[in-house]
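Single-structure report; data block below.
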Amino acid sequence: GGETASGVMRFGHLNIFDTPNPVVTVSTPDMHWLVYDRLMEFDDNLSPQLSLATNRELSNGGATVTYTIRSGVEFHDGEPLTSADIKYSFELYRDTKKGLFGGFFEPLETVEAPDDTTVVLHFSGPPALDPSVGAPIIPAHIWQGMSPEDIDIFGNDEMIGSGAFKLNEYTPDDRLVLDRNSDWWGWSSNDGPKTGTLEQIVKVQLANEETIANSLRNNEIDVTGTISSPDIWAGLQGEPNVVVEEYPGLVLDHFGINVYEDPDNPGQPHPDSGGNPLLLDPVIREAMSWAMDRQRLVDLVLGGRGMKGSVVLPPGLGDAFLEVPEGEQANGNPVKAREILDAAGYIDRDGDGVRESPDGEKLSFRLFASTVIDRLPLYAELIKPMLEDVGMEIQGVFGEDDPTLIQRVFVDADWDMYTWVWQTPPDATFMLSVQSCDQFGNLSDTYYCDADYEALFKAQQTEGDPAQRLNMVKEAQQIFYDSFAYCVMAYPTKLQAYRDDNLVGWPFVNNGITTNWSTETFLVVSEA
Amino acid sequence: MALLSISDLTVDYRRAGRVIRAADGVSFDIERGSVVGLVGESGSGKSTLALATMGLLPANGQVTGGSIRFDGAEMAGLEEAQWHSVRGRRMGMVFQGAMNSLNPVRRVLDQVAEPIRTHDPGITKAKASDRAHDLLSLVGIPGDRHKAYPYEYSGGMRQRAGIAMALSGRPALLIADEPVTALDVIVQARILRLLENLREALDLTILFITHDLGVVARLCDRVVVLYAARAVEEGTVEDIYGHPKHPYTRALLQSVPNFARGRGKSRGIPGTPPSLLSPPSGCRFHPRCPEAMEICATRSPGWTRFAGEQVATCHLYGEEGHSNV
Amino acid sequence: MSDAGNGSPLVAVRELNVHFKRSRRAGQPVRAVDGVDLDIFAGETLCIVGESGSGKTTLVRAIGHLAPITSGSVRFGDVDVAHLRRSELRTMRRRVQYVFQDPFESFDRRQSIFSIVAQPLRVHKLAGSQSELEERVHEALEECGLEPAGEFARLYPHQLSGGQRQRVSIAAALVLRPELLIADEPVSMLDVSVRSDILSLFVRLKQSHQMTLLFVTHDLSVAWEIADRIAVMYLGKMVEEGSADQVIGRPANPYTHALVGAIPVPDPHDVAPEPGVRGDIGDIAGIPAGCRFHPRCPFADDRCSAMIPPLSRVGDGHRSACVRNDELELPAPHRLATGSAG
Amino acid sequence: MTSSLEPGTDTGSGPVDVPASRTVRWRWLRSYPARRVLQGLITLFVVATFNFWLFRMLPGDPARLIARESRLSPEAFEQLRESFGLNEPAWQQYLTYLTKIVRFDTGISFKARMPVTDLLKPALTNTLILTGAALVLIFVFGLAFGIVAGWRRGTRTDTSLTLTALTLWSLPTFWVGLMLVLLFSISLGLLPVAGIRSVAAIYRTPFDEMRDVLEHLVLPAATIAIVSVGSIALIMRNSLAEVADEDYMLAARARGLRPRTILWRYGVRNAFLPTFTLMALTLGLLMAGTIQTEVVFSWPGLGLLMYEAVQDRDLPLLEAAFFVIAVIVVIATTIADLFYSRLDPRIRSS
Amino acid sequence: MSAEGIMTDAAPTAQDRPGNQAPAVMGQLWRTGRGKIGLILLAVFLVYGVAGYLAYENPPAAGETVEDRFRAPSVDYLLGTDNLGRSVWEQLAVGAGISLAVGVAATAIAVLMGSIVGITSGYIGGRFDQFAMGITDMFITIPALPLIIVLAAVLSRGLPTIIVVIGVTSWAVPARLIRAEVLSQRERTFILRAKAIGMRPLHIMWTHVLPNVAGIVLANAILLTAAAILTEAVLAFLGLGDPSLISWGKMLQNAFSSGATSLGYWWVLIPPGLLITLLVLSFTLVGNALTDVIDPRRRAE
Ligand SMILES: Nc1ncnc2c1ncn2[C@@H]1O[C@H](COP(=O)(O)OP(=O)(O)OP(=O)(O)O)[C@@H](O)[C@H]1O
Ligand SMILES: Nc1ncnc2c1ncn2[C@@H]1O[C@H](COP(=O)(O)OP(=O)(O)OP(=O)(O)O)[C@@H](O)[C@H]1O
Ligand SMILES: [Mg+2]
Ligand SMILES: [Mg+2]
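Residue numbers (the working numbering), protein chains in the order written: chain C, 794 to 1321; chain D, 16 to 340; chain B, 1251 to 1592; chain W, 611 to 960; chain F, 103 to 403.
Below you can see the structure in the form of structure tokens.
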């Protein structure tokens, strides 16, 4: 192959991103964040900190946020970046509600730009997560005048931002080349300049993890994206100049159980539900959880690279994660599962190996596994015998897929158990919101609706005091865990690898060295 | 000395583990400048003899005995490489399937010119092409059609082109294997006339193969009659048609409708031509022969010489002249 | 011996046209049979002769309802073959039978000789019982010289020689006791040595069954051997028609004359005069104007390209289609020994 | 010897003797290509229609599909339906769709939110490079093996070549790719594992780049070729063996032509034509091989695009990639057919 | 007139054999080297597939701990284990049944559709024939695998889908073949004879045309089966197969996506591919040899 210039980070990934358009993108935002500045950013521990803004003040009980931004910042095309651009950007996000951060702008009411360096955001209440932490600031002079429809399909092939890197080349599904923007304020910031010396970032799209691993091995790339196969990752261990790392994950592997209840008639299935009414009995759901040998799942499916699953938030969220003590976890005890079922009267009366309810209904459930992610069918395959072992009949695994499955679960509520994966941003709100009553027909993969949970979820969204909020979040997790509407199988850890011969100064970033919520790595590594 | 002298020739085909003797001790001579007709029913081994003479037997066929002397030299057992200077140049061959003996995707003129250039490497392309034009005109194909493709020719023209090709190397011997069988009678008559004319003009010696006794009568000097891979009678045209000796020859002549003999007078030969996989013992014709005797089933008859050059092999004529002619 | 001219014909063909559309090429259709008039009388043997592609097969197939009739009429007894009803067709199928040219292709190789010969009887439900069926099959085989019939019946086509197959073919046609037997070049693929036996079989059966025989051949010497009357076709047209002696002995049409003259005769002393005919029958799609034979005819003059000559009388029961019918005196092409056809 | 020896020569004059008259031939020349091209266009039209209706036939709401990961609010959902024209009646959408196809506007990728055409263009080039290289290999080796086997038919060489060809044909392409990687890249470390060029390589000269691409090209092209070479070899072998039985081959030998002349001008020349058409027919198979190979080797071509579109449920992209592959195959078969009909003088008249 | 002798020594070829030709064809097939190898292989696979199905009616059990994953071949695990700790050996046996089932079922669909189109088209002829063959040609032109991928991508996952999709996309070639054969049979003299006897067209079709077409159809069906098996493997490899079934293609997909190639875990890579190849090869050999044995051109001999 050709040779490599120094100061280049070659970054191999399954996806560059879905689109250069930062407003509508829903994939990992790292490249957008390198090109576009944000008022605030996540630091290497995924806590929000100031970025383009030099000052942040709260007023009105936290519902009003006033930012002071750096002056003299220019976009890549030389136009100045002012508070007008921020106002334009934020209003756009608020109005379109598109992209990764659109949802977080929901509580935003108005944006003011009293002068060039001041921006005032008025929220309906104190926001749990200030969306400024993720929203790329786009140049109003380029985007203004486009209708929402235009923006929706805007190719943005110039990618004019004000960030640390600027676009050199973009070939969809192939490669993205970003060059150092040496005029970027961050390189010479007086409050801790970024010390990285990268001249160029080349993010190449590779078709599979195998290729990614081989490319790293052959010194064709410097760093990988997330490697979901523990074997490929493990295979990199011990390769010369290759460092393998494992980070706490933000991912949740689970199956959701259809608990769609008639609100006027508690305990009865909702007329629209196609699920098995037996599943409305928490005893059965709890038994399921007990029947599950999660360590075996982690071992076999994740090759041991993960944590046994319990609550709805993944451990990558740090303090917000509710650690259920080992002894209190309903896990890996088929005997207990059988006991619970026996006690509740679910007994195999006809001796066919499947229990029946006192009314004679068989404990027979349909298990759907999305095939979008390779490992879900694997889980399903292992789960099936575990549940059968305690006297349930599992039909399937139905390996249906989009759009059938999405329609079936999220629209028709016609399923019993559905394996799925959530990946959360570094904040509790998203994951908690999935189980909110508002999400029926949208995000909810359980149709769970609980008044206490709902109240806690709503309250934490606008709770200004971090410690207070943390308590609410944990309490909500406990409530949901006790409902057994979810059976979380595992939290896979994030696996990555990089080379330390071409580039040095790799930092430790919580949740992964690249492609995560922090851009720190790109800004601090240097050529060797 | 005869131009072609075939003596005691034996040719075997192997098929599915069995041996088919398609020529069994066949002998005859062709004098320079003469036209010899080879007649016999289908499967009697006519083509086999022609192919053996040209060294063109298929992979499963082999000359297993006897000799083929051409112009004094032994041909049987010649290496493939040695054949190249014989075929086309000293012996030419015209096939029955006029339609199929031309390469469909090349122009006729080029195909005629090709052997000329092969056999005369010194010749220029233009010269070879001129000679090809001459040849095609010689066989009666008008000049404006020389460059056509074979499919643009009628059957008669194709056969003419086939003759031109066979003649392009100026061979001394022309072997024509049923060259007119597939053609309509009028065209057939004209091709025969063409061959007669060519024979005179080019001093050709011709081995003419046919199953049609009428055609032989028209063109040939001498006739060799073949039955079940063996020659049974040989003589001049007059001998054969005037006073055939072998019962098979007689029966064959009887079976052909003849205007001069009257209607409804032709009689078929009873029975079926024998299979060469298991030929009858003794005289091969005996199962169908109206004059068969006891001895015929057990012993192959020897040759009997009659007046002139006529010879036949039949027990009717005793044992005299046992030796080959 | 010839019943020609006695009463009404068994088959009357009038103004028959059979045209085939050429696929792809938008040009003219192939006029395989073009305005043919023909009578076939009960009990006679009529031979159709002509070069390959002259339309013989098409004509006889049209008569037997095996080729589509474009226009004109074919009356078979009292029915019009062109407009048959289903039931009539079935009856007609029984009255007309065929023998085809290729003895190797005319049978389904998976049928035994017995089932081949029995099939027509089965199709028409003519045999009441199995024993009757067997009896009739054996009878037919024996009649055709396939003895012992029981043994032959058990065999399969590939176990027979060409001549024997053709005999089976005749037997299968015979079991229905047809009035008209149509034989399309039944001997042209057979060896000379077995040909005459098959021909005499035809003659014999025709007489014993009182059939009418419509016989197609390209070989005039075969026609001469068995025909009562001969009809000569050229490029879809009937060009001459008359008794066998007339057509072979004193052909009136230049084409017939050339054809007869070109026949090789197994007699070194009988060398026919040079025909003087050019070219060959070629492609029937490009039909010449006027007399179709005129581009090849040595006697053609200007009139020949101007008019299509009708088939007109030149002698007793002898008709020829030539513009110069009246002026041409054609020499006899062969020394002919006249006699009866068996 | 210039004059004819016989009075009645085959003059060939007059309509009787000229089977293919000039006018007929020209009319044919004018119409056949037109008809063939029309046939190709109809095929593409059908493919386009199929694409459109397939999309409609799906269970559920297509907009749901577009929206899948980004779970939208109902308003946003409506907006989406509108922006993709999903609110209009089906026939109107169909017409719009067809007019767009004609303008090579194949819609917006669900995932990339950009015109599918922009994604297709580089992929098309890469696929053509790969297929082209494979074709060259297939041609050279397939014909060579076929000629050797066909010319020596019945011999042990023929038997073993035929067996080999059948075995090659039976190989799953993707597996061959995996095995080649296992052997040449992983075990021996000779050739790159994947991609079309070295990641982030910097080339001093265009020659460097070519070399790099060539290195990457070897294994994928070989993968496709290994599997397809068998069928071409078999086709060539069979047509050559068939041609060898033709009378004109014997006639050519009887004329004393050199074996090489007979082989090439008579044998191969005649056998090539049917081989050529059959080869055009196997182009679809070649595309099948290309798709698998691109997936195994991450070759950024149409096949990989299709594969990713399947993974991402990016229907417009999937359909467009399928459409483009269909276009390639239709164009190639049409050209091959026209070429064939020009090559074979017999076809021109019949 | 005396009877001609009965010829008994003609060397019959299979196609000339009367009555039930199957034994004769089998004999000829056996005598071609290819046919013999193919038939033996096929028999082995049939036994293997059935035995495998019976022995492992339930899918092979997954392992218990991390150590059970990707075990190298050993006495306990003849061919090692895969990423879930399942025995490769057992999976192979289960996969054999799937491959055979998909191949045969998809081919049945294709041949049935092809026969219907081919026979009606060849039989009715005229406009209908032109139209039907136009469609058929179109299907021949449209590249099959991409079409199959598109279909499989939008339809629900499952074995029936795979079978139907493969079957429905591969009827065109048999249709053309059958039509051509029907046409050529229709032109044969014995059909004309049957017509002249007064047999009804459908009767002719049934008794004369169909049996004579059957050989060609069978040979083609066998080749189609080979192709269908390959296609199923490709689909499974591309992740479009039935996710809950173990098939050889699926095993390879598992191996490929879990990185077995670069890790050199040959036992999950080589056996499934080898078996696919051998199974396909056995059909290919038999089909290829059979085509030669019943080649209509050789009937003339
Ligand atoms: N290649 C071959 N392999 C095996 N047997 C053959 C081969 N060629 C010819 N024969 C057999 O040899 C015998 C003589 O065949 P040949 O072709 O010489 O006869 P022929 O007199 O030319 O017949 P025809 O008049 O039909 O051309 C026949 O029984 C034929 O079956
Ligand atoms: N089904 C058909 N479709 C198109 N053209 C046909 C068809 N049948 C016959 N023809 C054409 O009609 C013409 C007459 O054919 P026909 O078979 O009747 O001639 P023939 O005199 O019997 O010739 P042969 O002696 O070769 O059998 C030929 O040019 C032939 O090509
Ligand atoms: Mg011969
Ligand atoms: Mg005919």
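Glycine included, every Cβ here is placed at the ideal spot set by N, Cα and C.
Would you grab the beta carbon distance between B:I1366 and B:V1418 for me? Rounded to a whole angstrom, and I think it's under 8 Å. A Cβ-Cβ distance of about 6 Å is found for the pair B:I1366 and B:V1418, placing them in contact under the 8 Å criterion.
Residue(s) in a DSSP beta bridge with C:F1161: Answer is C:F1191, C:Y1211.
Using a beta-carbon distance below 9 Å, is F:T238 in contact with chain B? No, because no Cβ of chain B sits closer than 9 Å to the Cβ of F:T238.
Counting Cβ pairs, one atom from each stretch, are 3 or more of them under 8 Å apart for the region 171-182 of chain D and the region 109-126 of chain D? Flag = yes, the region 171-182 of chain D and the region 109-126 of chain D touch.
For a test of your reading of the model: does the CB of B:L1309 fall under 8 Å from any non-hydrogen atom of ligand 2? Yes or no. Because some heavy atom of ligand 2 lies under 8 Å away, the Cβ of B:L1309 counts as near it: yes.
Please determine whether the Cβ atom of D:Y28 lies at a distance below 8 Å from any heavy atom of ligand 5. Ligand 5 is not among the ligands present in this structure, which contains only ligand 1, ligand 2, ligand 3 and ligand 4.
Using alpha carbons as the reference points, say which of D:P136, D:M16, D:D149 lies closest to D:D86. The residue with the shortest Cα to Cα distance from D:D86 is D:M16.
C:D823 (DSSP reduced to helix, strand or coil): Of the three classes helix, strand and coil, the one that applies to C:D823 here is helix, per DSSP.
Cβ-based neighbour list, D:G283, same chain, cut-off 8 Å, excluding 5 preceding and 5 following: So the qualifying residues of the chain are S270.
Got a sec: is the Cβ-Cβ distance from W:E852 to anything in chain D below 9 Å? Nearest CB-CB separation between W:E852 and chain D: not below the 9 Å threshold.
Counting only runs of 4+ residues fully inside the region 57-122 of chain D, write out the alpha helix (DSSP H) ranges in chain order. Counting only unbroken stretches of 4 or more residues, the alpha helix (DSSP H) elements lying wholly within the region 57-122 of chain D are 61-69, 95-98, in sequence order.
Which residues in the same chain as C:K890 place their Cβ atom closer than 8 Å to its Cβ, once the five residues preceding and following it in sequence are excluded? Excluding its 5 nearest sequence neighbours in each direction, C:K890 has C-beta neighbours in its own chain below 8 Å: G896, F898, E899, listed in chain order.
Looking only at its chain, what residues have a beta carbon closer than 6 Å to the beta carbon of F:A208, apart from the 5 residues adjacent to it on each side? Excluding the 5 residues flanking it on each side, F:A208 has same chain C-beta neighbours closer than 6 Å at I265, I268, G269, A330, in chain order.
Can you tell me which of the three DSSP states C:R1098 falls into? It is coil, neither helix nor strand.
Closest by CA to C:F1158, which one among C:V1052, C:D984, C:A1123? Closest by alpha carbon: C:V1052.
From which residue to which residue does the beta strand (DSSP E) around B:C1297 run? Element bounds for B:C1297: 1295-1300.
CB-CB length for C:I1306 against C:V1016, believed under 8 Å: That pair is a contact at about 7 Å.
Could you tell me whether the Cβ of B:D1441 comes closer than 9 Å to any Cβ of chain E? Protein chains in the displayed structure are C, D, B, W and F, and chain E is not among them.
heavy atom of ligand 1 below 8 Å from D:P73 C-beta: Inclusion of D:P73 in the 8 Å shell around ligand 1 follows from its C-beta lying nearer than that to a non-hydrogen atom of the ligand.
Any chain C beta carbon closer than 9 Å to W:Q921: Yes, contact with chain C.
Whole angstroms are fine: how far does the CA of C:A1290 sit from the CA of C:I1020? Between C:I1020 and C:A1290, the C-alpha separation is close to 8 Å.
Interface residues of chain F around B:Q1416 at Cβ under 9 Å? Residues of chain F passing the Cβ test: none, with the nearest at roughly 11 Å.
Three-way DSSP call (helix, strand, coil) for B:E1397 in this model: Three-state DSSP puts B:E1397 in coil, outside helix and strand.
If you draw a straight line from the alpha carbon of B:E1491 to that of D:F300, how long is it in whole angstroms? Cα to Cα, the separation comes out at about 42 Å.
In or out: B:A1556 buried (at least 16 other Cβ within 10 Å) or exposed? Classification for B:A1556: exposed.
Let me know the secondary structure DSSP gives D:D44 once reduced to three states. Here D:D44 sits in strand by DSSP.
Would you mind reading off the limits of the beta strand (DSSP E) that contains C:Q842? Unbroken beta strand (DSSP E) run through C:Q842: 841-843.
Counting only the same chain and skipping the five closest in sequence on each side, list residues whose C-beta sits under 8 Å from that of W:S680. The predicted position of W:S680 is uncertain, since its pLDDT is 46 and thus under 50; a value taken from the coordinates is nonetheless stated next. Result list for W:S680: empty, nothing under 8 Å.
May I ask you to report which of helix, strand or coil DSSP gives W:S880? A quick correction: the sequence has Asn, not Ser, at residue 880 of chain W. In this structure, W:N880 counts as helix in the three-state DSSP scheme.
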